[in-house]
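Quick notes on the structure that follows.
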Amino acid sequence: MQAPLFLTREPLLDPARKVLAYSLNWQAIASTGHDCERLLLLLASELNDAAQGWTLLRGHLVVPATPEVLRSAVPQTLWAPSVTFNLDAEDSLDADTCTALRRRGFGIGVRGVPAELALAAHATFFELDGSATYLRAQLSDVAGLRSRDSRVALRNIASWAQYESCAAAGIDVYAGRLVRAPVPPHAGGLNSTQSNILQIINLVNRNADVRDIEAALKREPAVSFKLFRYINSAGVSPGAEITSLRHAVTMLGYRALYRWLSVLLASSSSSTYSAALMQTAVIRGRLVELLGQGLVPKYESENLFVAGMFSLLDQMLGMPMQKVLEKVPLAEPLAHALTDRRGVYGPFLALAESCEDDSGNSRRLADRLFMEAEQVNAAHLAALVWAMNLQV
1 MQAPLFLTRE
11 PLLDPARKVL
21 AYSLNWQAIA
31 STGHDCERLL
41 LLLASELNDA
51 AQGWTLLRGH
61 LVVPATPEVL
71 RSAVPQTLWA
81 PSVTFNLDAE
91 DSLDADTCTA
101 LRRRGFGIGV
111 RGVPAELALA
121 AHATFFELDG
131 SATYLRAQLS
141 DVAGLRSRDS
151 RVALRNIASW
161 AQYESCAAAG
171 IDVYAGRLVR
181 APVPPHAGGL
191 NSTQSNILQI
201 INLVNRNADV
211 RDIEAALKRE
221 PAVSFKLFRY
231 INSAGVSPGA
241 EITSLRHAVT
251 MLGYRALYRW
261 LSVLLASSSS
271 STYSAALMQT
281 AVIRGRLVEL
291 LGQGLVPKYE
301 SENLFVAGMF
311 SLLDQMLGMP
321 MQKVLEKVPL
331 AEPLAHALTD
341 RRGVYGPFLA
351 LAESCEDDSG
361 NSRRLADRLF
371 MEAEQVNAAH
381 LAALVWAMNL
391 QV
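If you're matching positions, the sequence shown starts at 1 in full-length UniProt numbering and goes up one per residue.
If you want it as structure tokens, here you go:
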């Protein structure tokens, strides 16, 4: 019987603060060849749909691999343009295999300075430890090996100030630690659009008359436009013409409108650091919701989503969570989940957050909810696909 392993996810940011990809790995272990194969087979199983094919329509994944796995049939089960295989610097991968992988569209990453020129010549991506004392020497070595269109990324960057230094040098950054790091003081605060969205959220929260919600939407034309666009793209009303904002709200329903407004609130941040935080929040929201399926009544699924979605609002708005809750009055169970991970929703939020680092806490938190690793991993990948394919 295989030991239970939990996926961990980390965003990769480019110098423009956009999410380039997500690095996936097993939590709290040094992956062997068997572990790498197991991870790739999990991706093939969860991200391939019999009717739709590969379900990750947007975005990119960076995954660990070994030369043995890459010479096997396993890569054939994955959609090449969506995947970069990450190898150790000491790995030996012949030029023919490298060429074949690159021709199919796979990326090839290297952790460290590669020992073999063949691997260096085909590498699209070099990953270095940003906290290492020998970093400057490694950057110099990689500069002499890399091709013009390859990228360099640093791990273990602990602050946004360090990220800015990397960005100025044209270097990508793994931002797992940054998601939990305070944003610079000037980066936070509510903009006018977010203030108006909060007013609409409060109206929906109170089950206000649809005419009051319509009036609030009319005061924010950009939000109204996005609502019409969302309803059309989401297939909410196939074949039916949406004739007014009131019609749009009625067609969508208050629960779905609440969810959509929650996502829009985060995506409307004017902070230069919001892109990574916003996508992390959306993934969290969907993951918390999926983890609670079958364990929490269906009518509470929106609260599960909001618990995950709002869990990073303090970061995105640059204010303590207590102040956020003063601006967005929420039910007590939601407030408990957001402030100290207690109550009905708190354990699900804590488990979703544990999937974002290498602490090894996922197993303990999953056990508390009587959940198996397979359930958590399937929900994790489903949430990732949903969030990366989402159009707000």
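All residues carry an ideal CB built from backbone N, CA and C; glycine is no exception. Model, not experiment: these values are computed from the prediction.
In this chain, the beta strand (DSSP E) harbouring I108 covers G107 to R111.
Taken atom to atom, the span from the alpha-carbon of R342 to that of L325 is near 16 Å. By the neighbour-count criterion, in which 16 or more other beta carbons inside 10 Å mark a residue as buried, G253 falls on the exposed side. Burial is judged here by how many other beta carbons sit within 10 angstroms of a residue's own beta carbon; F225 has fewer than 16 and is exposed. Cβ-Cβ distances below 8 Å link E332 to G343 in the same chain, with the five nearest sequence neighbours on each side left out; the list follows chain order. Scanning the segment 124-199 from its first residue to its last, the whole alpha helix (DSSP H) runs of 4-plus residues come out as 135-145 and 160-168. Between L338 and Y22, the beta carbon gap of about 24 Å keeps them out of contact (Cβ cut-off 8 Å). Under the three-state reduction of DSSP, N232 is assigned to helix. Nearest C-alpha to E37 among A28, L13, V179 and A65: A65. Here V328 is not near I200, since their CB atoms are 8 Å or more apart.
Counting along the chain, R259 sits inside the alpha helix (DSSP H) bounded by residues Y254 to S267. Comparing alpha carbon positions, the residue from H60, F125, N377 and A215 closest to L351 is N377. Just measuring C-alpha positions, the residue of R136, S147 and L145 sitting nearest L154 is R136.
Counting every other CB atom within 10 Å of its CB across the protein chains shown gives N207 a total below 16, marking it as exposed. Distance from the CA atom of L47 to the CA atom of R211, rounded to whole angstroms, is 42 Å. Linking S301 to C98 through their CA atoms gives a straight-line distance of about 45 Å.
Under the three-state reduction of DSSP output, A373 falls in the helix class.
For A21, the enclosing beta strand (DSSP E) begins and ends at V19 to W26.
The beta carbon of G59 lies closer than 6 Å to those of M388 in the same chain, with the five residues before and after it left out. At the C-beta level, V63 and V83 come within 8 Å of one another. The criterion of a C-beta distance shorter than 8 Å is not satisfied by R17 and A181. In the three-state reduction of the DSSP assignment, N202 falls in the helix class, which pools H, G and I. Distances from the CA of D149 to each of D358, A169, L61 and A123 were compared; the closest alpha carbon is that of A123. Going by DSSP, V324 is part of no beta strand (DSSP E) but of the alpha helix (DSSP H) stretching over M321 to K327. In this structure, A80 and R104 form a Cβ contact; the two beta carbons are roughly 4 Å apart against a cut-off of 8 Å. DSSP places E10 in the strand class (E or B) of the three-state scheme.
For T77, no beta strand (DSSP E) segment is defined, and its DSSP state is neither H nor E.
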